[in-house]
Every structure is written in C-alpha cells, then in structure tokens.
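Colleague:
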Amino acid sequence: QQPVQSPQAVILREGEDAVINCSSSKALYSVHWYRQKHGEAPVFLMILLKGGEQKGHDKISASFNEKKQQSSLYLTASQLSYSGTYFCGTDSGAGSYQLTFGKGTKLSVIP
Amino acid sequence: KAGVTQTPRYLIKTRGQQVTLSCSPISGHRSVSWYQQTPGQGLQFLFEYFSETQRNKGNFPGRFSGRQFSNSRSEMNVSTLELGDSALYLCASSLDRSVAFFGQGTRLTVV
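In order, the protein sequence lines correspond to chains A and B. Start counting the first sequence at 1; every next residue gets the next number (the working numbering). Start counting the second sequence at 1001; every next residue gets the next number (the working numbering).
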C-alpha cells in the first residue's frame, strides 16, 4: 500500500526550515528518500533502516519511527537548490524487494 | 563509476505498436527495477529482476513485460500500446535490498 506524504506542497523562503512526513500502514524495513527536479531522474538522498536511527548530511536529515511506521525529512536553512519534489519510498522487508513510493511533496524555495 | 543508463531517452509511438526500452545498471548491481511515472499516479512499480529472474511484479497488465540478461542489463517491453501508456519509464539498479539509483528515464509518448 502506498505511503502517505504530507504536506503535498510547501513554499519556503531561503533560509527557512521544512519537514516532510511519510506514513505507512504497513510494518517497514526501510525508508528511502529521493528528490526529483523537473525533467530529471530522482536522486537518492538517504536510506533509513529499522532501528529509528536519524541520518543526515549537510542540512538535510531524516528520522524513522519504527513503532509508528513514520519517517520525517528535515530540511534546515533551505537553499534555492532544494526546490523539487521529494518522494519517500518504503520497503516492507517481506517477500521480494519492492519500493513503494508516496505521491511526493513539491517543495519550492523562493529568494 | 558510471551511473544507470537508459535508452532511448525519448520515444514517440502510435497506438497499437510495441516498444522496447533498455536499462544498463551500475556495474556490480544485480537488481534492476522498473517504474512508471505519470503526473496523476506518481511512481508506480512495474517489476524487479535479480540475476535474470523476475522476483516481483506490480499491478500492470500482461502487455508490460521485461527480462534481464546475464550481464544484468534489462529490457522492458510494452505491446499493443495505449494512449494511457504515455509516461516516464524509470529504471533503478541496486545491489539488493538497498539503495536504488535511478537512470534518467525514457519518455514515451503514445499518439
């Protein structure tokens, strides 16, 4: 079943922070975050595995709440280059490998 | 290290025709997944191949098929094209249940 992302869209001014949420009704093994710019391929940001470990690099980090089957992506001090659509992809860990993606969150950063 | 390569980048086909898309994964990656991306449905899983075996298939009609060769390169085929098949088709490669790296995609337009 497709994970639910929120918000669907958000507009930020440069320097502002944002949180994007991803929620699943199924038990998860991993959550993958991607950013896609218009006309380009999705670019991998980070993967979170069972265990709730928070990961991050530069000003982008993420957490995974295993009990709630929720993940959040944190964008700090946003830059114009952060604009794009963010997708979470989930893997239940059961059966064969398959990433199921949310519908995406469109992030626009304006000067 | 070369990324995931998809060919062709753009295709225009007529209803009723068939089409074959190609994907060359990152060297050493044995898992190749295919996704269809449309504005309305987002990223939808088509199928996943690992070591020449289809391990998983999404909810698409039998007109959509694929295969993987011994060098891990993969092809997907769509027969009897319909207007609704117009989409961006993305291929992703990974070692196995891990980070999936996407190619640039093939933009298919059915007229």
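All C-beta atoms in this analysis are idealised placements derived from N, C-alpha and C, irrespective of residue type, glycine included.
Anything in chain B within Cβ reach of Ser112/A, meaning under 7 Å, just list it in chain order.
Modeller: Outside the modelled stretch of chain A, which goes from 1 to 111, sits residue 112/A, for which no answer is possible.
Colleague: For the stretch 1077 to 1097 of chain B, enumerate the residues whose C-beta is nearer than 7 Å to any C-beta of chain A, in chain order.
Modeller: Cβ contacts with chain A: Leu1090, Asp1096, Arg1097.
Colleague: When you compare each of Leu1083/B, Phe1047/B, Ser1027/B to Leu1095/B by their alpha carbons, which one comes out closest?
Modeller: The shortest C-alpha separation from Leu1095/B is found at Ser1027/B.
Colleague: Inspect the beta-carbon positions of Tyr74/A and Ser83/A and report whether they are closer than 8 Å.
Modeller: No, Cβ-Cβ distance for Tyr74/A and Ser83/A is not below 8 Å.
Colleague: Counting only Cβ-Cβ distances shorter than 9 Å, please list the residues of the stretch 2 to 35 of chain A near chain B, keeping chain order.
Modeller: Answer set for the stretch 2 to 35 of chain A: Gln2, Tyr29, Ser30, His32, Tyr34.
Colleague: Can you tell me the Cα-Cα spacing of Arg1073/B and Pro111/A, whole angstroms?
Modeller: Distance between the alpha carbons of Arg1073/B and Pro111/A is about 43 Å.
Colleague: So His32/A is in the beta strand (DSSP E); what residue range does that whole segment cover?
Modeller: Run containing His32/A: 30 to 36, per the beta strand (DSSP E) assignment.
Colleague: For Asp91/A, does the three-state DSSP call read helix, strand or coil?
Modeller: Strand, per DSSP.
Colleague: Helix, strand or coil: how does DSSP classify Tyr82/A here?
Modeller: DSSP places Tyr82/A in helix when its eight states are reduced to three.
Colleague: Between His1029/B, Leu1088/B, Pro1025/B, Thr1080/B, which has its C-alpha nearest Leu1011/B's C-alpha?
Modeller: Comparing Cα-Cα distances from Leu1011/B to each of His1029/B, Leu1088/B, Pro1025/B, Thr1080/B, the minimum goes to Leu1088/B.
Colleague: Please report how far the alpha carbon of Gln1006/B lies from the alpha carbon of Gly93/A, in whole angstroms.
Modeller: Each residue's Cα considered, the two are about 27 Å apart.
Colleague: Could you tell me whether any Cβ in chain A is nearer than 8 Å to the Cβ of Ala1002/B?
Modeller: No, because no Cβ of chain A sits closer than 8 Å to the Cβ of Ala1002/B.
Colleague: So for Leu1081/B, helix, strand or coil by DSSP?
Modeller: Reduced to three states, the DSSP call for Leu1081/B is coil.
Colleague: Is the beta carbon of Gln5/A less than 8 Å from the beta carbon of Lys103/A?
Modeller: It is a contact, given that the beta carbons lie within the stated cut-off.
Colleague: Which ranges does the beta strand (DSSP E) cover as unbroken runs of at least 3 residues, wholly within the stretch 1027 to 1063 of chain B, from first to last along the chain?
Modeller: Segments of the beta strand (DSSP E) lying fully in the stretch 1027 to 1063 of chain B: 1031 to 1038, 1042 to 1050, 1053 to 1057.
Colleague: Taking just the CA atoms, how far does Arg13/A sit from Ser1044/B?
Modeller: Looking at the sequence itself, residue 1044/B is Gln, so the reference to Ser does not match. Each residue's alpha carbon lies about 31 Å from the other.
Colleague: Could you work out which residues of chain A lie near Leu1043/B, taking near to mean beta carbons separated by less than 7 Å?
Modeller: Neighbours of Leu1043/B on chain A, chain order: Phe87, Phe101.
Colleague: Which residue wins for smallest C-alpha separation from Arg1055/B, given the options Gln1041/B, Thr1038/B, Thr1080/B, Arg1097/B?
Modeller: The shortest Cα separation from Arg1055/B among Gln1041/B, Thr1038/B, Thr1080/B, Arg1097/B belongs to Arg1097/B.
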